[in-house]
Each structure stands twice: as structure tokens, then as C-alpha cells.
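Per the working numbering, numbering through the sequence shown is continuous, rising by one, with the last residue being 139.
Working notes for the structure below.
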Amino acid sequence: MAKTYTWHRFADPGIGEKDLTILEVEGKKISFTRYEGALYAFAYKCPHASGVMADGWVDEDGNVVCPLHRYRFSVKNGRNTSGEGYFLKTYPIEKREDGWYLGMEKTGLFGW
Numbered sequence: 028m029a030k031t032y033t034w035h036r037f038a039d040p041g042i043g044e045k046d047l048t049i050l051e052v053e054g055k056k057i058s059f060t061r062y063e064g065a066l067y068a069f070a071y072k073c074p075h076a077s078g079v080m081a082d083g084w085v086d087e088d089g090n091v092v093c094p095l096h097r098y099r100f101s102v103k104n105g106r107n108t109s110g111e112g113y114f115l116k117t118y119p120i121e122k123r124e125d126g127w128y129l130g131m132e133k134t135g136l137f138g139w
């Protein structure tokens with residue numbers, strides 16, 4: 028089944044290449060970075076030990092690095108690239124005429 032999203036407008040974070048920041052979108056903290064000119068959004072905390080991802084850094088390969096244990100995740104798809112098997116939630120982003128939008132997955136009553 029294809030994923031469906033509810034789209035929420037957010038302010039341009041105004042960050043430079045490989046900078047990290049946190050914005051609140053619909054009451055949820057979301058981490059943002061810019062890599063190779065594109066804006067990416069992903070989970071506020073690391074799935075391993077809840078390190079704040081925006082306190083880490085983005086490496087030369089486009090991986091966001093958790094500040095606690097140096098786990099690495101692709102900013103493009105959340106895939107763990109350092110081999111531990113975790114997955115970092117990512118969010119789709121669209122630039123529209125009237126601003127930036129972040130997609131949050133629609134879920135049913137029981138989260139399905």
C-alpha cells in the first residue's frame with residue numbers, strides 16, 4: 028500500500044550546507060540539514076540511544092552522525108551506514124510556490 032501524507036507548511040530554516048537545526052512542525056520536533064544544496068528532514072532523536080541528532084554533524088558522504096555513539100544515517104533515506112542496523116525516520120519535503128512543506132505519514136486508528 029502506498030504511503031499517504033498530510034502536508035504541513037514550515038518556515039525556511041535558513042541553514043547553510045551541512046548545518047543542522049531543529050524546527051517544530053505540528054508540535055513535533057524535526058531535525059533539518061542542507062546537503063548538496065537540498066534540504067532534508069529527519070527524526071529529532073537517534074533510534075539507538077536518543078541522542079539529539081542536531082547536536083551531531085553531517086559527514087562528507089551525506090550522513091548525519093549521532094553525537095553520542097557516532098552512528099551514521101543517510102540524510103536522504105535514513106539508512107544506517109555505520110552497520111548497526113538501525114533506521115532513522117526521514118520526512119519528505121516539498122518546495123512550493125508559497126513555501127516549504129513537510130509530509131507526515133497518515134495513519135489509521137491503530138497506527139496502521
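Cβ atoms here follow ideal geometry from the backbone N, Cα and C, with glycine treated the same way.
With a 10 Å radius around its C-beta and 16 neighbouring C-beta atoms as the bar for buried, classify residue i as buried or exposed.
i, result
"residue 127", "buried"
"residue 104", "exposed"
"residue 99", "buried"
"residue 65", "exposed"
"residue 29", "exposed"
"residue 117", "buried"
"residue 68", "buried"
For residue i, does the three-state DSSP call read helix, strand or coil?
i, result
"residue 81", "helix"
"residue 109", "coil"
"residue 104", "coil"
"residue 133", "coil"
My assumption, with CB atoms under 8 Å, is that residue i sits in contact with residue j. Please give the rounded CB distance.
i, j, result
"residue 119", "residue 130", "4 Å"
"residue 61", "residue 39", "The pair is not a contact, with the Cβ atoms about 10 Å apart (cut-off 8 Å)."
"residue 48", "residue 59", "5 Å"
Could you work out which residue in the options is closest to residue i when comparing CA atoms only?
i, options, result
"residue 81", "70, 107 and 32", "70"
"residue 115", "48, 54 and 102", "102"
"residue 3", "63, 78, 121 and 51", "The question about residue 3 has no answer, for the chain in this structure spans 28 to 139."
"residue 73", "88, 86 and 57", "57"
From the DSSP output, which residues share a beta bridge with residue i?
i, result
"residue 42", "DSSP lists no partner for residue 42."
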